[in-house]
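One rule links them: number in this note's numbering = place in the sequence shown (from 1) + 843.
Here a beta-carbon is modelled for each residue, glycine too, at the ideal position from N, C-alpha and C.
I have placed the structure first, in the form of C-alpha cells, so that the comments after it can refer back to it.
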Amino acid sequence: MYAVIKTGGKQYRVQPGDVIVVEKLDGDVGSDVSFGDVLMLGGDKGVTLGAPLIKGAAVAATLVETRKGEKIKIFKKTRRQGYRRTNGHRQMETVLRITGIDGAGEKAKWDGETSLMTKAEMNLRARGLAPRVEETEAKPARKAAAPKAEAKAAPAKKAAAPKAAAAKTETKAAPAKKAPAKKADKAGDEA
C-alpha cells in the first residue's frame, strides 16, 4: 500500500518503512507525526483519489532527525563593474520514517524497528568508519583482562635487565676497532 501526502508545499509518495526528508517540522526526536493531507491512496482495492483530500485517511511517521541540508551557494555578479558577492544557505530539514498508512478501508503498518540513528552516522557506517555497537560492548571485557597481562609482563622486564647489564660489560672488555680513514681522490686534492 502507498500514499501521496502533502507537506511543506511538496508532495511525497510514501510506503510503510520509507525514510523521507521533508521541510522542517516541529517535534522532538522519536516523536510521532501524523499527516492528514492525503491526496491519493493505492493498494489491493485499487487507487483512491481525493478531491482534493481523502477524508479519514492518515499517514503515521516517526521523527528521526532534524538537521541542516546541503549547502546552496548564492553567487551574484555584475559584469565589468567589479561586483561579486558569494553567500551560502543551509535549509533546515526533518528526516521521517513512515510507520503506517490508514484510509479507504485499508491499513498498512511497518513491522520493523524505528532506529533513531542520524544520517551522518548512517553514512559513516556505510563506509565502514563508525564503530559497531557490538564492538563497543566487547571492549570493556578486554580492558578487564589487560591489567592481568600487564602484571605478567612486568616480571619479564626485570629478568631482561641482568642480560642487558652483562652485554654492557662484554662491550667494555673488548676494545672497539676504528675504521680506516678513506683516501681522498687525487683529483679533489689538486683542485
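Compare the Cα-Cα distances from Val865 to each of Met960, Met935 and Gly948 and report the closest residue. Met935
Just checking Gly851 against the ligand COA - is the residue's beta carbon closer than 6 Å to any of the ligand's heavy atoms?
Absence of the ligand COA is noted for the structure shown, with no ligands found whatsoever.
*Entirely within the segment 852-902 and at least 3 residues each: give me those beta strand (DSSP E) ranges in chain order.*
853-857, 862-866, 875-878, 881-886 and 889-892
Which two residues bound the contiguous beta strand (DSSP E) that contains Met935?
-> Tyr926 to Gly946
### Task
Please report how far the alpha carbon of Lys986 lies from the alpha carbon of Pro974, in whole angstroms.
Summary for Lys986: the model assigns pLDDT 49, below 50, so the residue's position carries little reliability; its value from the coordinates is reported in the next sentence. Cα to Cα, Lys986 sits roughly 17 Å from Pro974.
Q) Does the Cβ of Arg856 have 16 or more other Cβ atoms within 10 Å, making it buried, or fewer, making it exposed? A) exposed
With distance defined between alpha-carbon atoms, name the residue in Ile944, His932 and Ala903 nearest to Ile915. His932
Exercise. Expressed to the nearest angstrom, what Euclidean distance is found between the alpha-carbon atoms of Ile941 and Arg922?
Worked result: 49 Å
Report yes if the C-beta distance between Trp953 and Pro895 is below 7 Å; otherwise report no.
-> no
Notebook entry, point to check: Is it buried or exposed for Glu913, if we count other Cβ within 10 angstroms and need 16 for buried?
Noted result: exposed
What's the call for Val890, buried or exposed, on a 16-neighbour Cβ count within 10 Å? exposed
> Are there 16 or more other CB atoms within 10 angstroms of the CB of Val902, so buried, or fewer, so exposed?
Replying inline: buried
Is Ala947 buried or exposed, if buried means 16 or more other CB atoms sit within 10 Å of its CB? buried
Problem set entry | First through last residue of the beta strand (DSSP E) which encompasses Ala951 | Glu949 to Lys952
| said: When you compare the CB positions of Gln854 and Val862, do they come within less than 7 Å of one another, or not? | reply: no
**Prompt:** Got a sec? Which residues, its chain only, sit under 8 Å from Ser877 by beta carbon, not counting five neighbours each side?
**Reply:** Ala901, Val902, Ala903 and Ala904
Requested in this report: List the residues that DSSP assigns as beta-bridge partners of Glu908.
Outcome: Val938
query: In chain order, what residues of the same chain lie with their CB nearer than 8 Å to the CB of Gly943, ignoring the 5 residues before and after it?
result: Pro859, Val902, Ala903, Lys950, Ala951, Lys952 and Trp953
> What residue does the alpha helix (DSSP H) around Leu969 start on, and which one ends it?
Replying inline: One detail in the question is off: residue 969 reads as Ala in this sequence, not Leu. Here the alpha helix (DSSP H) through Ala969 covers Lys962 to Ala969.
With a threshold of 16 other CB atoms inside 10 Å of the CB of Met960, please say whether the residue is buried or exposed. exposed
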